[in-house]
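*Asks:* In my numbering, the protein residues as written are 22 to 391. Backbone N, C-alpha and C define an ideal beta-carbon position, used for all residues, glycine too. Below is one structure. I have some questions about it.
Below is the structure:
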């Protein structure tokens with residue numbers, strides 16, 4: 022084995038043994054985090070044992086993996102490997118999104134509630150992102166099982182998401198743009214990890230016009246192609262809290278076009294059952310304000326204004342950040358690498374499309390950062 026490959030494997034194994042929580046202002050400065058997210062040119066997929074599929078998407082598959090031929094002390098260390106086939110990425114016009122995802126994750130590695138990109142690499146056919154493994158599965162699964170969450174549970178998850186958005190928006194200038202229960206995983210202690218940064222984009226104070234996201238969670242300005250900012254994530258958090266408390270989103274129809282019509286024209290309506298507290302209703306309404314210049318989180322005070330809303334009365338934000346609150350749902354994780362909290366997926370069907378020399382000549386330079 023090449024020395025560089027062994028060094029890469031040692032670095033990966035060391036990451037799994039040395040997780041730590043730093044203050045937000047120190048995350049990027051810490052030398053341990055600066056190494057995270059870098060490309061590992063010596064690695065290949067054969068350096069990992071593929072255990073089972075954790076999730077699939079239109080052009081990606083996420084595997085539970087462990088190091089192949091690990092040292093004795095590293096045998097229990099497991100990771101999530103996101104595999105993206107180049108030909109599918111190109112065909113579906115996702116090249117920019119994939120590069121944004123890798124770039125943003127590399128820059129923000131080390132946040133306690135965001136998935137950590139440990140390293141990335143590529144081969145002839147595919148791009149790979151090695152991430153920390155969250156054994157608890159999707160918040161979506163627990164919500165469907167419970168039908169709805171009580172207010173304390175919703176507040177716990179909402180508080181952790183507020184800290185994620187504060188960090189992404191105010192420190193990094195990043196809009197996440199795909200907040201939904203399926204993209205929230207639970208770690209072994211029941212804390213949130215935000216995953217799938219395929220729609221994330223570094224905006225700063227600029228606007229962007231790309232229509233992307235999930236219909237039920239789209240902000241009005243996205244639908245109306247008015248140009249959107251990080252404010253879209255606060256709208257989505259309002260939708261998410263509503264879904265946590267009721268079990269369904271406020272705007273729904275089998276036809277996405279009808280959902281869009283509701284979003285831009287209808288106020289949020291609350292059911293009589295379950296009973297939702299006045300504070301919860303108020304924060305949802307303030308997040309789901311059509312005019313983003315009046316939207317909570319986007320108005321003067323930013324995330325600090327969100328934190329001071331009565332819905333979060335009694336929340337000690339420093340304790341949230343340092344994970345001192347006990348998770349309301351503790352996943353049933355029996356051993357390192359247990360994946361029982363994830364659905365089973367059929368074996369991958371290989372696409373007939375091939376990453377030809379012609380495609381390689383045209384596109385390979387677009388993947389140079391992997």
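Closest by CA to residue 220, which one among 213, 208, 239, 206?
*Replies:* Here residue 220 is taken as the residue at index 199 of the chain shown, counted from 1. Minimum Cα distance to residue 220 is reached at 239.
*Asks:* I'd like to confirm the pairing. Which residues does DSSP put opposite residue 211 in its beta bridges?
*Replies:* To locate residue 211, count along the chain shown from 1; it is residue 190. Looking at the DSSP assignment, residue 211 forms no beta bridge with any residue, so it has no partner.
*Asks:* Considering Cα atoms alone, identify which of 224, 204, 366 is closest to residue 189.
*Replies:* Taking the first residue of the chain shown as position 1, residue 189 is located at position 168. Nearest of 224, 204, 366 to residue 189, Cα basis: 224.
*Asks:* Does the distance from the CB of residue 265 to the CB of residue 170 come in under 7 Å?
*Replies:* On the chain shown, position 244 is the one that residue 265 refers to. On the chain shown, position 149 is the one that residue 170 refers to. A contact, by the Cβ cut-off of 7 Å.
*Asks:* Exposed or buried, which one is residue 147 when buried takes at least 16 other CB atoms within 10 Å?
*Replies:* Stepping through the chain shown from its first residue, residue 147 is reached at position 126. When all chains shown are included, residue 147 counts as buried.
*Asks:* Which residue wins for smallest C-alpha separation from residue 153, given the options 386, 373, 377, 357?
*Replies:* Reading the chain shown from its first residue, position 132 is the one you call residue 153. When only C-alpha atoms are compared, the closest one is 357.
*Asks:* Taking the alpha carbon of residue 101 as the reference point, which residue from 120, 380, 157, 111 has its own alpha carbon closest?
*Replies:* Counted from its first residue, the chain shown places residue 101 at position 80. Measuring from the Cα of residue 101, the nearest candidate turns out to be 157.
*Asks:* For the beta strand (DSSP E) containing residue 76, name the first residue and the last one.
*Replies:* Counted from its first residue, the chain shown places residue 76 at position 55. It spans 69-77 - the beta strand (DSSP E) in which residue 76 sits, taken as one unbroken run.
*Asks:* I'd like to check one pair, residue 327 with residue 335: are the Cβ atoms closer than 7 Å?
*Replies:* What you label residue 335 is simply residue 314 of the chain shown in a count that begins at 1. What you label residue 327 is simply residue 306 of the chain shown in a count that begins at 1. Contact flag unset, no.
*Asks:* Near residue 155, what residues of its chain come up, given a Cβ to Cβ distance below 6 Å and the 5 sequence neighbours on each side ignored?
*Replies:* Residue mapping note: residue 155 aligns to position 134 of the chain shown, counting from 1. Cβ neighbours of residue 155 beyond the five flanking positions: 206, 208, 214.
*Asks:* Would you check if the distance between the CB atom of residue 252 and the CB atom of residue 200 is smaller than 7 Å?
*Replies:* Taking the first residue of the chain shown as position 1, residue 252 is located at position 231. Taking the first residue of the chain shown as position 1, residue 200 is located at position 179. No, the Cβ-Cβ distance between residue 252 and residue 200 is not below 7 Å.
*Asks:* Give a yes or no on whether the C-beta atoms belonging to residue 105 and residue 84 are separated by under 7 Å.
*Replies:* Translated into positions along the chain shown, residue 105 becomes position 84. Translated into positions along the chain shown, residue 84 becomes position 63. No, they are not a contact pair.
*Asks:* Count the other C-beta atoms from every protein chain shown that fall within 10 angstroms of the C-beta of residue 259, then say buried if there are 16 or more, exposed otherwise.
*Replies:* The residue labelled residue 259 in the question sits at position 238 within the chain shown. Residue 259 comes out buried.
*Asks:* Which residues does DSSP list as the beta-bridge partners of residue 132?
*Replies:* Indexing the chain shown from 1 puts residue 132 at position 111. According to DSSP, which records beta bridges pairwise, residue 132 is partnered with nothing at all.
*Asks:* Examine the Cβ distances between the region 225-244 and the region 278-285 and report whether three or more of them are shorter than 8 Å.
*Replies:* With a cut-off of 8 Å, the region 278-285 and the region 225-244 count as touching, because enough Cβ pairs lie within range.
*Asks:* For residue 84, which three-state DSSP category applies?
*Replies:* Working through the chain shown from its first residue, we reach residue 84 at position 63. Residue 84 falls in the strand class under three-state DSSP.
*Asks:* Terminal residues of the continuous alpha helix (DSSP H) containing residue 281?
*Replies:* Residue mapping note: residue 281 aligns to position 260 of the chain shown, counting from 1. Looking at the DSSP string, the run of the alpha helix (DSSP H) that includes residue 281 is 277-286.
*Asks:* In whole angstroms, give me the CA-to-CA distance for residue 23 and residue 353.
*Replies:* For the purposes of this step, residue 23 is identified with residue 2 of the chain shown, where counting begins at 1. For the purposes of this step, residue 353 is identified with residue 332 of the chain shown, where counting begins at 1. The predicted model places residue 23 with a pLDDT of 48, which falls under 50 and marks its position as unreliable; any figure quoted below should be read in that light. Residue 23 and residue 353: Cα-Cα distance of roughly 39 Å.
*Asks:* Expressed to the nearest angstrom, what Euclidean distance is found between the alpha-carbon atoms of residue 96 and residue 30?
*Replies:* Position 75 of the chain shown holds residue 96. Position 9 of the chain shown holds residue 30. Going from the Cα of residue 96 to the Cα of residue 30 covers about 12 Å.
*Asks:* On the DSSP bridge list, what partners appear for residue 103?
*Replies:* Translated into the one-based positions of the chain shown, residue 103 becomes position 82. Beta-bridge pairing links residue 103 to 83, 150.
*Asks:* Residue 297 to residue 234, Cα distance in whole Å?
*Replies:* Within the chain shown, numbered from 1, the residue matching residue 297 stands at position 276. Within the chain shown, numbered from 1, the residue matching residue 234 stands at position 213. Straight-line Cα distance between these residues: approximately 27 Å.
*Asks:* How many whole angstroms separate the CB atoms of residue 125 and residue 272, which I take to be in contact at a CB cut-off of 8 Å?
*Replies:* As a position in the chain shown, residue 125 is number 104, starting the count at 1. As a position in the chain shown, residue 272 is number 251, starting the count at 1. Residue 125 to residue 272, Cβ: 28 Å. No contact.
*Asks:* Output needed for residue 387: all residues of its chain with C-beta closer than 8 Å, excluding positions within five of it in sequence on either side, in chain order.
*Replies:* In the chain shown, residue 387 corresponds to position 366, counting from 1. These residues qualify, in order along the chain: 116, 120.
*Asks:* Which residue wins for smallest C-alpha separation from residue 293, given the options 65, 267, 81, 345?
*Replies:* Locating residue 293 in the chain shown gives position 272, counting from the first residue. When each option's Cα is compared against that of residue 293, the closest is 267.
*Asks:* Measure the Cβ-Cβ separation of residue 360 and residue 73 and say whether it is below 7 Å.
*Replies:* Counting from one through the chain shown, the residue named residue 360 turns up at place 339. Counting from one through the chain shown, the residue named residue 73 turns up at place 52. Yes, the pair counts as a contact, with Cβ atoms nearer than the cut-off.
*Asks:* Buried or exposed: residue 143, going by 16 or more other Cβ atoms within 10 Å of its Cβ?
*Replies:* Stepping through the chain shown from its first residue, residue 143 is reached at position 122. With 16 or more Cβ atoms within 10 Å of its Cβ, residue 143 is classed as buried.
*Asks:* Quick one: is the Cβ of residue 59 within less than 6 Å of any heavy atom of the ligand SAM?
*Replies:* Among the components modelled here there is no ligand, and therefore nothing to report on the ligand SAM.
*Asks:* Pull up the distance between the alpha-carbon of residue 247 and that of residue 230, whole angstroms please.
*Replies:* On the chain shown, residue 247 is found 226 positions in, with the first residue counted as 1. On the chain shown, residue 230 is found 209 positions in, with the first residue counted as 1. Those two C-alpha atoms are separated by around 7 Å.
*Asks:* Residue ranges of each beta strand (DSSP E) run of no fewer than 3 residues wholly in the region 209-254, ordered along the chain?
*Replies:* List check, beta strand (DSSP E) in window: 213-215.
*Asks:* Identify whether residue 369 lies in helix, strand or coil by the three-state DSSP scheme.
*Replies:* For the purposes of this step, residue 369 is identified with residue 348 of the chain shown, where counting begins at 1. Correct three-state label for residue 369: coil.
*Asks:* Taking the alpha-carbon positions, what's the residue 141 to residue 34 distance?
*Replies:* For this step, residue 141 is matched to residue 120 along the chain shown. For this step, residue 34 is matched to residue 13 along the chain shown. When rounded, the distance between both Cα atoms is 15 Å.
*Asks:* Assuming the contact rule is C-beta atoms closer than 8 Å, residue 60 and residue 390 should be a hit. Round their C-beta distance to whole Å, please.
*Replies:* Along the chain shown, one-based indexing puts residue 60 at 39. Along the chain shown, one-based indexing puts residue 390 at 369. Yes, residue 60 and residue 390 are in contact; Cβ-Cβ is about 6 Å, under 8 Å.
*Asks:* So, with DSSP's three-state summary, where would you put residue 164?
*Replies:* Within the chain shown, numbered from 1, the residue matching residue 164 stands at position 143. Helix, per DSSP.
*Asks:* Could you have a look at residue 182 and say whether DSSP puts it in helix, strand or coil?
*Replies:* Within the chain shown, numbered from 1, the residue matching residue 182 stands at position 161. Three-state result, residue 182: helix.
*Asks:* Which partner residues of residue 142 appear in the DSSP bridge assignment?
*Replies:* Your numbering for residue 142 matches position 121 in the chain shown. DSSP output for residue 142 lists 149 as bridge partner(s).
*Asks:* How many whole angstroms separate the CB atoms of residue 393 and residue 173, which I take to be in contact at a CB cut-off of 8 Å?
*Replies:* Look at the range of the chain in this structure, 22 to 391, and you will see that residue 393 is not part of it.
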